[in-house]
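Protein chains in written order, with our numbering: chain F, 1 to 341; chain W, 1001 to 1341.
Below you can see the structure in the form of structure tokens.
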């Protein structure tokens, strides 16, 4: 196949295979340069294809690849190495390893997708730990990249420095930000604030040709003062899960407060379109999944709750990353972090 | 003076001395058992007293104490040890040290208030690091205590275990929760998830007679599944600042979306009382400041932006903690964490 080739784990996600097939079809319609491998249980996928509007023209750019197994939420992330070698996520990653696909997209088991990407596709030279990056909508209307959110616990300074560099390349190449402002998450703005790890990571980044602006604080994740914020995967994971729950809680609480009386119900009805537009701004689905940075190919891991739109946008992110040869750009920049003799 | 005696740093906070004096007056009116030391620059406080409605009856339960200096935001936390020995926060803490007051309340420089409490009032035996606890409104309508949020970085397992025990005592004695559910913040529910520090802290807590329910995740800070969540002060600080910014951003964004058109403005007008009631639920001022746990007395540190209501509620929290002899209860429980020979 010509064009940019993305392997989609059709079986991954809470609404698979419907949301994944629907998203795949929309993506093929939207981007003529896209080619897809649709990976999964063909006995389940085949009967759905027509229903989801895959015309012959679209099928010319989609190749079905069978995988007999599916990773489920109860599985361990490492199951793909032994018990589930023929799982859809592993087969999709294998296509990237063999050079048949440029990238993989999965909405399934995050841990399994990370293991498949790190071990089957493989890590880039100079990257100790691939990092999962979350692209968050900030209050200035732009994206802020927070990484690692993939639970890389006990990070050393060089890991955090690598996260920062990889995030900076992603923000430039895929999000189109010019000279993204990069920070390290800490407990105060001043250079002296933080742990030995954050201070050493800062020292490394000051030597780099990135726009490093020192310590970022918790509030900077949302206020748009930074484009990229690097942190230990423990902190990133906690902040991300906490933020999802808080935002959901606030929006649900507001919805409930509109149900209080006939008057507020009427008000809610009038305000609905405006509130819907606002919620769209906060919608993680807009940015299409979290890239796993630091592997020898493109890997986008979506939220389990992804709907068709989120799948389509994750495929778009993978396509852009492939077009910009993201992992080669990362490789070049990370090499500059290595001790020079 | 009889009753429970609280020293208020009248000069601390963005709206001092007005918000602090107003809050003090309201507190004196509300709780007849309360006696206050009003600490600060008497040249500034004196002329304000009458304006803020301090009647002779109230003044019988308030004693003015002069302090010639005030800690400002630009100061270092440690300034109270050298350059600003006569600052209002230090003089207030000194009253606790001397046994004249049971507790101190300050809305000023958080770091300075922590240093004054830890070093002037002094740490409890068996407590390595006093912890700042944030009492957050959860989505079930109750409080969740998150600690440490005071930037105690690089915590060891015993520190986090101490935080958990102290938080549990606070939830029982001051918030009135029976057998509070205690967790340690980590990156997954399963016992195996987390760092060596969180796992060791969990092992310590399993030996204790508290209701320890294992790992809490980021979302558990808001969903009401735990009453007390202990974490490293780095993570706690980042989560707290991030949450404040996110909640503010969402509420501002919604307000803006109500300004879009005449229809949405009308809707906003109709919904205003309901939204106001909802915002009140989220209002940190309701719970009245963050207790610093692990010192030999009561110490409540409020948000710099505290208004009179927040000051009054912080005084109420200090009063309750004093009534329940909080620090003695903490001392007893923390002693059980010490290695028994």
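Cβ coordinates follow ideal geometry from the N, Cα and C atoms, glycine included.
Since the model is a prediction, treat every value here as computed from it, not as a measurement.
Cβ of residue i within 8 Å of any chain F Cβ
i: residue 1049 of chain W; result: no
i: residue 1227 of chain W; result: no
i: residue 1077 of chain W; result: no
i: residue 1221 of chain W; result: yes
i: residue 1240 of chain W; result: yes
i: residue 1108 of chain W; result: no
i: residue 1201 of chain W; result: no
i: residue 1195 of chain W; result: yes
i: residue 1134 of chain W; result: no
i: residue 1081 of chain W; result: no
Cutoff 6 Å; reference residue i; Cβ partners in own chain excluding five residues on either side
i: residue 1134 of chain W; result: 1146, 1149, 1240 and 1290
i: residue 322 of chain F; result: 4, 102, 103 and 298
i: residue 1021 of chain W; result: 1048 and 1052
i: residue 1018 of chain W; result: none
i: residue 61 of chain F; result: 28 and 35
i: residue 1197 of chain W; result: 1157
i: residue 1077 of chain W; result: 1111, 1112 and 1115
i: residue 1320 of chain W; result: 1174
i: residue 1332 of chain W; result: none
Short CB-CB distance (under 8 Å) between residue i and chain W
i: residue 341 of chain F; result: Confidence is the limiting factor: at residue 341 of chain F the pLDDT is only 47, short of 50, which leaves the residue's position unreliable and the question unanswerable from this model.
i: residue 264 of chain F; result: yes
i: residue 1 of chain F; result: Caution is warranted here: a pLDDT of 44 is assigned to residue 1 of chain F, below 50, making its placement in the model unreliable, and the coordinate value is therefore given only provisionally. Cβ-Cβ to chain W under 8 Å: no for residue 1 of chain F.
i: residue 14 of chain F; result: no
i: residue 54 of chain F; result: no
i: residue 139 of chain F; result: yes
i: residue 275 of chain F; result: yes
i: residue 154 of chain F; result: yes
i: residue 187 of chain F; result: yes
i: residue 235 of chain F; result: yes
i: residue 131 of chain F; result: no
i: residue 95 of chain F; result: no
i: residue 74 of chain F; result: no
i: residue 250 of chain F; result: yes
i: residue 117 of chain F; result: no
Segment limits, alpha helix (DSSP H) that includes residue i
i: residue 47 of chain F; result: 42 to 51
i: residue 15 of chain F; result: Unbroken run through residue 15 of chain F: none, as it is neither H nor E.
i: residue 1321 of chain W; result: 1308 to 1323
i: residue 326 of chain F; result: 326 to 335
i: residue 190 of chain F; result: No alpha helix (DSSP H) holds residue 190 of chain F; DSSP gives it neither H nor E.
i: residue 172 of chain F; result: 157 to 173
Own chain residues within Cβ distance below 8 Å of residue i, not counting five before or after
i: residue 1335 of chain W; result: 1125 and 1126
i: residue 1337 of chain W; result: 1126, 1158, 1161, 1162, 1165, 1204 and 1208
i: residue 1250 of chain W; result: none
i: residue 1279 of chain W; result: 1251
i: residue 217 of chain F; result: 185, 186, 187, 188 and 189
i: residue 206 of chain F; result: 212
i: residue 1058 of chain W; result: 1025, 1028 and 1029
Beta bridge counterpart(s) of residue i as assigned by DSSP
i: residue 1229 of chain W; result: W:1146 and W:1183
i: residue 1136 of chain W; result: W:1144
i: residue 1006 of chain W; result: W:1036 and W:1103
i: residue 1062 of chain W; result: W:1036
i: residue 1069 of chain W; result: W:1087
Sequence-distant residues of the same chain with beta carbon closer than 7 Å to residue i, five excluded per side
i: residue 1193 of chain W; result: 1186, 1187 and 1215
i: residue 1071 of chain W; result: 1079, 1080, 1084, 1087, 1089, 1108, 1109 and 1112
i: residue 1142 of chain W; result: 1224
i: residue 221 of chain F; result: 136, 144, 146, 229 and 239
i: residue 138 of chain F; result: 144, 222, 223 and 224
beta-carbon residue i near the ligand MG non-hydrogen atom, thresh 7 Å
i: residue 1082 of chain W; result: This structure simply doesn't include the ligand MG, nor any ligand for that matter.
C-beta neighbour in chain C for residue i, strict 8 Å
i: residue 1292 of chain W; result: Among the protein chains in the structure shown, which are F and W, there is no chain C.
Ordered list of alpha helix (DSSP H) runs contained in the stretch 1083 to 1134 of chain W, each at least 4 residues: Taking only runs of at least 4 residues, the alpha helix (DSSP H) segments lying wholly in the stretch 1083 to 1134 of chain W are 1088 to 1097 and 1110 to 1115.
Complete alpha helix (DSSP H) runs within the stretch 255 to 303 of chain F (minimum length 4 residues, chain order): Counting whole runs of 4 or more residues, the stretch 255 to 303 of chain F contains the alpha helix (DSSP H) stretches 262 to 282.
Minimum length 3: unbroken beta strand (DSSP E) runs contained in the stretch 1196 to 1246 of chain W: Runs of the beta strand (DSSP E) inside the stretch 1196 to 1246 of chain W: 1211 to 1216 and 1228 to 1230.
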